[in-house]
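Quick note, the sequence shown lines up with residues -9 to 311 if you use this note's numbering. Just so it is clear, CB atoms sit at the ideal spot from N, CA and C, and this is done for glycine as well. What you are looking at is a predicted structure, and each value in this text was computed from that prediction instead of being measured. A quick write-up on the structure given underneath.
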Amino acid sequence: MYSMTGYASKSFEYQGFNILIEIKSLNNKFLDIRFRLPASLGYSSPGSISPPGGRSSRDAKASPGGGPSGGKPPGSLEWRLRKIIKQHVKRGKIEVLISLTAEEDQEFTVIKSIIDRYCGIIKKIQDETSFNIQISLSEILLMKNLLNPHEDIIRPDISGEVIEEMFGETLKAFQESRSIEGEDTKEDIFGCIEMIKISIEKIEKEYPPIVDKFKIQLKEKIRNLVGEKLDESRLIIEAGIYASKVDVSEEISRINGHTLKLLRTIESDGSCGRELDFITQEINREINTIGSKVPDFSVAENVITVKSYLERIREQVRNIE
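Take a look at the structure:
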């Protein structure tokens, strides 16, 4: 059993770059996957990753998961990562963040190459025009994003397969976090089911004597009205009618069946959240019927207990995949 909420973060070092991959998820009725990738990674095909027309990573916004490919071309890195997620996750709002940061030596190399390029452009302008351009290093360093190459300048030579391997490790940790929370949820649901079973057993024992109690009360009322002239056969008929009205054996039998189904579903593999929610609704319907049929305080107490534990289960089920 997996919870729909989970989190994992892993950092990797590769060819002078720090690569951070984060995966987190929240409750959602359906599967919604959103990515936040550097532009140099977002549209890559298999093999080496290259920038899409110089588009900066700052322009790479979170992309929603509407449709099989999430709007991204088949073969792109995002498309492939989305496909991997769908193999393991069935429901929930998934957010994936991948960020690149150049290590110090790599950052210096990138900045120096950019400064050399700027200086070359300035010299070419001076050679081909009459302008005498005087510019200091401090002015060059003020140019937009020059000192933040990890944001807009980095163009790493990292294959899509390498990113997928890193992503696979992070996804494994993410699944483990969901599994741990799912097991905790399972244990809590088991406890609730046990309390429900105890209350149902009490109802099963308590409702038959109610008929005998009704028979005694009815007999007393008739005697008060007609004296000792009591028609026993009529009394038996009335008691039988009442017994059929308060008979909840079928409801109890169905609740026991649903409870068993609940336990089996929890122990099954795969996505089970929606089925568990449906089963709890069925149990709730049956216990409401019992509450309306049997006008007895002790039974009513147990009905309330069952309903409270059912509500607790339903709250937990909302977080199950």
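Check whether the Cβ atoms of residue i and residue j sit closer than 8 Å, and answer yes or no.
i	j	result
Ile310	Gly247	no
Glu85	Arg168	no
Leu21	Val79	yes
Ile9	Ile88	yes
Ile170	Ile256	no
Val238	Val307	no
Thr160	Ile11	yes
Ile74	Phe2	no
Ile125	Ile115	no
Under three-state DSSP, which class holds residue i?
i	result
Leu10	strand
Tyr299	helix
Asp117	helix
Ser66	coil
Val293	helix
Gly82	strand
Ala50	Low confidence applies here, because Ala50 scores a pLDDT of 44, under 50, leaving its location unreliable; read the following figure in that light. DSSP places Ala50 in coil when its eight states are reduced to three.
Gly(-4)	strand
His140	The predicted model places His140 with a pLDDT of 49, which falls under 50 and marks its position as unreliable; any figure quoted below should be read in that light. DSSP places His140 in helix when its eight states are reduced to three.
Ser261	coil
Glu241	helix
Ser128	helix
Glu3	strand
Ile206	helix
Ile104	helix
Thr249	helix
Ile277	helix
Ile227	helix
Ile123	coil
If you follow the beta strand (DSSP E) that residue i is part of, which residue opens it and which one closes it?
i	result
Ile23	21 to 26
Counting along the chain, where does the alpha helix (DSSP H) carrying residue i start and finish?
i	result
Met185	150 to 196
Between residue i and residue j, how many whole angstroms is the CB-CB distance? I'm expecting something under 8 Å.
i	j	result
Met(-9)	Glu173	7 Å
Arg70	Glu154	6 Å
Ile245	Ile277	7 Å
Ile104	Gln5	Actually they are not in contact, since the Cβ atoms of Ile104 and Gln5 sit about 19 Å apart, beyond 8 Å.
Glu241	Ile280	5 Å
Phe7	Leu90	5 Å
Arg26	Ser261	Actually they are not in contact, since the Cβ atoms of Arg26 and Ser261 sit about 26 Å apart, beyond 8 Å.
Quick one: any contact between the region 247 to 260 and the region 269 to 283, if contact means 3 or more CB pairs under 8 Å? Segments in contact, yes.
contact_flag[the region -9 to 6, the region 279 to 292] where n(CB pairs < 8 Å) is 3 or more: At 8 Å Cβ cutoff, the stretches do not touch.
Taking contact to mean 3 or more Cβ pairs, one atom from each stretch, closer than 8 Å, check whether the region 175 to 194 and the region 293 to 306 are in contact. They touch, by the three-pair rule.
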